[in-house]
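Be aware that the sequence shown starts at 1, since it is given in UniProt numbering, and climbs by one per residue.
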Amino acid sequence: MVLGNGILKWRLISLQSVRVFILQILLELLVFYQKLVI
Numbered sequence: 001m002v003l004g005n006g007i008l009k010w011r012l013i014s015l016q017s018v019r020v021f022i023l024q025i026l027l028e029l030l031v032f033y034q035k036l037v038i
């Protein structure tokens, strides 16, 4: 059970980190786009 819970937690953490990574890229693209427009 402990091993299963550990794997589940790791998968949740990896999903959260991927989401944060994608959000950071989107924010950087938005800032870059605004600089190009202005």
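Don't be surprised by glycine CBs; every beta carbon is placed ideally from N, CA and C.
Do you know offhand how far residue i's Cα is from residue j's?
i   : j   : result
K35 : F21 : 21 angstroms
Y33 : G4  : 43 angstroms
Q24 : V37 : 20 angstroms
L26 : R11 : 23 angstroms
L29 : R19 : 15 angstroms
Q16 : K9  : 11 angstroms
E6  : I13 : With the sequence shown as reference, residue 6 is identified as Gly, and Glu is not the correct amino acid for it. In a straight line, the C-alpha of G6 is about 10 angstroms away from that of I13.
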